[in-house]
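Colleague:
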Amino acid sequence: MKYSGRFGDYGGFYVPEVLIPVLEELEGAFYRFYEDGQFAAELGQLSRDYAGRPSPLYHAKRFSEHVGFNVYLKREDLLHGGAHKVNNTLGQGLLAKYMGKTKLIAETGAGQHGLATAMIGALFGMETKIFMGVTDIERQSVNVHKMGLCGAEVIAVEGGTGTLKDAINDALRYWTAHVADTFYLFGSACGPHPYPTIVKHFQCCIGKETREQCLEKIGKLPDMVVACVGGGSNALGIFNEFLEDENVKLIGVEAGGRGLSGGRHAATLVAGRVGILHGAKAYLLQDDEGQVYETESVSAGLDYPAVGPEHCLLKDSGRAEYVAAEDDEVLDAFELLTRTEGILPALESAHALAYLMSQKDKLPGETVAVVNLSGRGDKDVSIVEKRRPKK
Amino acid sequence: MKTYRQVFSELDRAALIPFFVIGDPDADTSLAVVKTAIDAGADVLELGIPFSDPIADGPTIQKADIRALASGMTVKKALEFVRAVKDYKDVPIGLLMYYNLVYQYGTERFFSDFHRAGVNSVLIADLSIDDADEIIAPATSAGLDTVFMVTPNTNTDRMKVIASKTTGFIYAVSLLGVTGSRERLSDPVEELISKLKKMTSVPVCVGFGISKAEHAATIAAAGADGVIIGSRIVKIIEENLHDKENCLAEISAFLSGVKSAMENRGKTGTH
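Chains as they are written, first to last, in our numbering: chain A, 1 to 391; chain B, 392 to 662.
#1: Listing by chain order, which chain A residues have their CB less than 9 Å from the CB of MET540/B?
#2: How far does the beta strand (DSSP E) with ASN143/A in it extend, from its first residue to its last?
#3: Expressed to the nearest angstrom, what Euclidean distance is found between the alpha-carbon atoms of LEU19/A and GLY256/A?
#4: Taking Cβ to Cβ, would you say PHE39/A is nearer than 8 Å to ALA369/A?
#5: In whole angstroms, what is the alpha-carbon distance linking VAL292/A and TYR304/A?
#6: What does the alpha-carbon distance come out to for the pair GLY439/B and PHE334/A?
#7: Could you check the C-alpha separation between VAL157/A and GLU35/A for me, to the nearest Å?
#8: Span of the alpha helix (DSSP H) holding SER622/B?
#9: Once the 5 residues before and after VAL15/A are set aside, which same chain residues still bring their CB inside 6 Å of it?
#10: Looking at the unbroken beta strand (DSSP E) that takes in VAL270/A, where does it start and where does it end?
#11: Quick one, which residues of the segment 465–497 of chain B are near chain A if we go by CB-CB under 9 Å, in chain order?
#12: Report the rounded CA-to-CA distance for HIS662/B versus LEU243/A, giving the unit in angstroms.
#13: Which whole runs of the alpha helix (DSSP H) in the segment 486–562 of chain B are 4 residues long or more, in chain order?
#14: Let me know if SER555/B comes out buried or exposed under the rule of 16 or more other beta-carbons within 10 Å of its beta-carbon.
#15: Quick check on VAL154/A: does DSSP put it in helix, strand or coil?
#16: If you count every other CB in all the chains shown that lies within 10 Å of the CB of ALA51/A, and 16 or more means buried, which is it?
#17: Assuming ILE484/B and VAL510/B make a contact with CB atoms under 8 Å, what is their CB distance in whole Å?
#18: Using a beta-carbon distance cut-off of less than 7 Å, what residues from the segment 289–300 of chain A approach chain B?
#19: Is the beta carbon of VAL618/B closer than 8 Å to that of CYS596/B?
#20: Taking beta-carbon pairs under 7 Å, can you tell me which members of the segment 512–526 of chain B lie near chain A?
#21: State buried or exposed for ARG48/A, treating a residue as buried only when at least 16 other CB atoms are found within 10 Å of its CB.
#22: Less than 8 Å between the C-beta atoms of SER565/B and GLY600/B, yes or no?
#23: Can you confirm whether PHE442/B, when its beta carbon is compared against all beta carbons of chain A, has any partner nearer than 8 Å?
#24: How would you call LYS658/B, buried or exposed, if buried means at least 16 neighbouring beta carbons within 10 angstroms?
#25: Classify LYS281/A as helix, strand or coil using the three-state DSSP reduction.
#26: Starting from GLY449/B, find everything on chain A with Cβ-Cβ shorter than 8 Å and list it in chain order.
#27: Under 8 Å by Cβ, that's how I've got TYR322/A and VAL226/A pegged, so tell me the actual separation to the nearest angstrom.
#28: Leaving aside the five residues before and after LYS360/A along the sequence, list all residues of the same chain whose C-beta is less than 8 Å from its C-beta, in chain order.
#29: Please report the Cβ distance between PHE505/B and VAL473/B, rounded to the nearest whole angstrom; I am assuming they are in contact, meaning their Cβ atoms lie under 8 Å.
The following block contains the structure:
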């Protein structure tokens with residue numbers, strides 16, 4: 001491997017020997033095409049005409065009135081597929097194509113990354129397999145159907161709790177046996193090097209646009225940027241552009257599930273301890289001996305016991321602050337945005353909105369907060385109905 | 392305490408190395424299984440400490456990990472288990488496990504505690520040679536041998552580095568994939584053995600996918616110093632969860648069969 005893939009002491013590539021040559025090949029290809037003009041031009045064109053970039057920055061005035069300060073939404077929910085995931089799948093899918101790979105595999109939790117991969121499999125004519133836990137298949141059945149319609153095969157993963165962690169385990173196992181022709185299109189800024197770097201690279205367009213749009217619309221940088229954190233790709237994608245701007249507060253919101261005290265949550269950075277899972281050293285939810293905990297969250301996309309290594313470094317350095325929002329607060333935020341703006345946020349993104357609601361009347365009225373509205377909530381309507389039945 | 396060096400130099404055939412998950416399906420049965428394997432002629436034992444997320448393992452060993460964890464196996468109890476095995480007979484023991492369990496215990500303390508209990512080496516499935524420096528110094532100072540994996544897609548330069556850092560034996564993975572029984576041996580395995588034997592004098596043991604006595608005999612004949620069999624015998628445990636006696640009998644019969652197949656074919660490789 002050319003680079004260590006470390007963010008401080010975090011990250012690295014803790015994988016079985018059999019995967020080292022393929023990660024090396026991927027690293028080589030990424031850095032080769034990274035600055036390749038043709039690659040960049042093709043990705044730029046697809047990002048615009050296929051995915052719908054740039055996404056708007058929207059001043060959510062009625063939601064702002066409710067919390068008492070200015071809230072702007074970075075509308076990644078308007079992208080093709082309904083989430084920021086397409087930024088990464090277009091980039092990695094194109095990389096796979098340039099590398100001459102003919103098959104794609106991916107893991108998925110909420111199904112958004114699976115769907116975004118299935119779309120790209122259809123676009124590039126590649127055979128696509130999506131690994132998805134049985135619990136997630138049940139709670140995200142609409143996305144499962146969409147993946148099938150795009151021609152992808154959804155492989156039900158029964159191990160563990162049948163969620164994202166188990167899907168990654170099985171995708172890694174499958175990859176181990178099919179390294180020659182298969183590209184593993186990893187969905188978040190975690191896992192072994194070079195994935196955290198690759199995923200951030202393809203997601204940092206979010207922050208670049210946000211910065212320009214803020215300067216253009218508001219005439220200044222925001223006071224705070226807020227994003228939900230599962231693996232952490234949408235958060236890194238928007239944080240990255242503001243890392244040097246020390247006056248811009250960066251807030252990552254993790255899944256507090258049923259509450260931190262009861263242990264039924266997925267707030268890795270808030271409540272975890274450093275360990276090694278899925279190829280990287282990072283904060284991890286685990287017992288005293290290092291067995292990985294089963295996590296819980298109303299949002300399948302955040303239901304993951306580890307987190308991207310760069311977030312671990314940002315937490316330790318204090319550059320970003322990480323908090324948790326519990327399921328009930330998240331459902332409140334989902335309902336509030338829907339009722340005040342007519343925008344259904346993904347339950348993942350609703351975590352970031354829940355943080356803003358917790359700051360209601362605590363911040364000066366001129367405060368400008370940008371939320372990465374990383375996905376749309378259509379996929380979550382049945383979950384919300386179940387958890388908040390209409391009286 | 393018997394060393395790998397002693398075992399490999401004393402044998403005139405390939406070593407028989409069964410793999411079990413400690414505590415599968417429970418601590419008592421697991422110990423009985425390991426004793427049975429020793430009685431059936433195991434020359435070295437490869438033991439796994441169960442982990443919640445075994446990414447290098449196929450379904451059979453994943454299930455064994457789940458059974459062992461559900462029965463309450465822990466790292467601390469695994470230490471007791473190793474002592475109990477060594478009390479029964481001085482057979483070298485290699486642990487095969489995942490990094491997080493070592494890391495959380497504290498790498499230095501883990502190595503010294505387990506070496507004192509009777510372990511000869513700790514192979515960490517998700518730690519490649521690139522990060523071997525995190526474990527080589529503490530392993531060596533604890534008195535452990537080092538064991539690393541080589542796979543069919545490992546390039547020659549890398550193989551040389553791996554061989555140079557290995558003091559126990561090279562764990563040659565016979566195929567591209569995770570653990571699990573296969574009907575046939577993969578093509579590259581004989582090539583891999585011969586390449587490694589030409590490159591290094593460190594013993595080469597072959598594992599992954601070996602499910603029949605004839606597989607073991609073929610690998611022994613190709614010059615391997617040891618044959619590691621895991622999923623095939625872990626499957627016997629899975630199939631006999633309610634019949635301990637039959638489980639032990641089947642494991643004994645299978646391993647005896649493998650051993651005699653290897654004896655008949657001898658070690659006719661590149662020595």
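Glycine included, C-beta positions come from ideal geometry on N, C-alpha and C.
As the structure is a computational prediction, the values presented were derived from the model and not from experiment.
Modeller: This is what the structure gives:
#1: By 1-based counting over the second sequence, the position of residue 540/B is 149. Those within 9 Å of MET540/B in chain A are PRO16, GLU17, VAL18.
#2: As a first step, residue 143/A must be located in the first sequence, where it is residue number 143. For ASN143/A, there is no enclosing beta strand (DSSP E); the residue is part of the alpha helix (DSSP H) that begins and ends at 141–149.
#3: The residue you call residue 19/A lines up with position 19 of the first sequence. The residue you call residue 256/A lines up with position 256 of the first sequence. The C-alpha of LEU19/A lies about 33 Å from the C-alpha of GLY256/A.
#4: What you label residue 39/A is simply residue 39 of the first sequence in a count that begins at 1. What you label residue 369/A is simply residue 369 of the first sequence in a count that begins at 1. Taking a C-beta distance under 8 Å as the contact criterion, PHE39/A and ALA369/A do not qualify as a contact pair.
#5: Position 292 of the first sequence, counted from the start, is the residue given in the question as residue 292/A. Position 304 of the first sequence, counted from the start, is the residue given in the question as residue 304/A. Straight across, the Cα-Cα distance linking VAL292/A with TYR304/A is about 10 Å.
#6: As a working note, residue 439/B is residue 48 in the second sequence. As a working note, residue 334/A is residue 334 in the first sequence. Each residue's Cα considered, the two are about 46 Å apart.
#7: Taking the first residue of the first sequence as 1, we reach residue 157/A at position 157. Taking the first residue of the first sequence as 1, we reach residue 35/A at position 35. Near 37 Å, if we compare the C-alpha coordinates of GLU35/A and VAL157/A.
#8: The residue you call residue 622/B lines up with position 231 of the second sequence. For SER622/B, the enclosing alpha helix (DSSP H) has its first and last residue at 622–630.
#9: Position 15 of the first sequence, counted from the first residue, corresponds to residue 15/A. If we look at VAL15/A and ignore the five residues flanking it on each side, its Cβ neighbours are PRO192, GLY279.
#10: Along the first sequence, read from residue 1 onward, the residue named residue 270/A stands at position 270. Segment 268–271 is the alpha helix (DSSP H) holding VAL270/A; no beta strand (DSSP E) there.
#11: Hits within the stretch, in order: THR465, VAL466, LYS467, TYR489, TYR490, ASN491, LEU492, VAL493, TYR494, GLN495, TYR496.
#12: By one-based count along the second sequence, residue 662/B stands at place 271. By one-based count along the first sequence, residue 243/A stands at place 243. Here HIS662/B scores only 39 on pLDDT, less than 50, and its place in the model is too uncertain to base an answer on.
#13: Complete alpha helix (DSSP H) runs here, min 4: 490–496, 498–508, 524–533, 547–556.
#14: The residue given as residue 555/B occupies position 164 in the second sequence. Classification for SER555/B: exposed.
#15: Along the first sequence, read from residue 1 onward, the residue named residue 154/A stands at position 154. In this structure, VAL154/A counts as strand in the three-state DSSP scheme.
#16: Within the first sequence, the letter at position 51 stands for residue 51/A. It counts as buried.
#17: Sequence index remark: in the second sequence, residue 484/B carries index 93 (1-based). Sequence index remark: in the second sequence, residue 510/B carries index 119 (1-based). With a Cβ gap of about 5 Å, ILE484/B and VAL510/B count as contacting.
#18: Taking 7 Å as the Cβ-Cβ cut-off against chain B, the residues of the segment 289–300 of chain A that qualify are GLU289, GLY290, GLN291, VAL292.
#19: In the second sequence, the residue the question calls residue 596/B occupies position 205. In the second sequence, the residue the question calls residue 618/B occupies position 227. It is a contact, given that the beta carbons lie within the stated cut-off.
#20: Cβ contacts with chain A: ALA516, ASP517, LEU518, SER519, ASP521, ASP522.
#21: Counting from 1 along the first sequence, the entry for residue 48/A is found at position 48. ARG48/A comes out exposed.
#22: Taking the second sequence and counting its residues from 1, the one referred to as residue 565/B is at position 174. Taking the second sequence and counting its residues from 1, the one referred to as residue 600/B is at position 209. One thing to note: SER565/B has its Cβ within 8 Å of the Cβ of GLY600/B.
#23: Residue 442/B sits at position 51 when you count from the first residue of the second sequence. It does; some Cβ of chain A falls within 8 Å.
#24: For the purposes of this step, residue 658/B is taken as residue 267 along the second sequence, with counting starting at 1. The predicted model places LYS658/B with a pLDDT of 49, which falls under 50 and marks its position as unreliable; any figure quoted below should be read in that light. Answer is buried; the Cβ neighbour count reaches 16.
#25: Stepping through the first sequence from its first residue, residue 281/A is reached at position 281. Reduced to three states, the DSSP call for LYS281/A is strand.
#26: Looking up residue 449/B in the second sequence gives position 58. Those within 8 Å of GLY449/B in chain A are ARG173.
#27: What you label residue 322/A is simply residue 322 of the first sequence in a count that begins at 1. What you label residue 226/A is simply residue 226 of the first sequence in a count that begins at 1. The Cβ separation is near 11 Å, so there is no contact.
#28: Numbered from its first residue, the first sequence carries residue 360/A at position 360. Sequence-distant Cβ neighbours of LYS360/A in its own chain, meaning closer than 8 Å and more than five residues away, are HIS66, VAL67, GLY68.
#29: Here residue 505/B refers to the residue found at position 114 when the second sequence is read from its first residue. Here residue 473/B refers to the residue found at position 82 when the second sequence is read from its first residue. Sure, about 7 Å apart at Cβ, within 8 Å.
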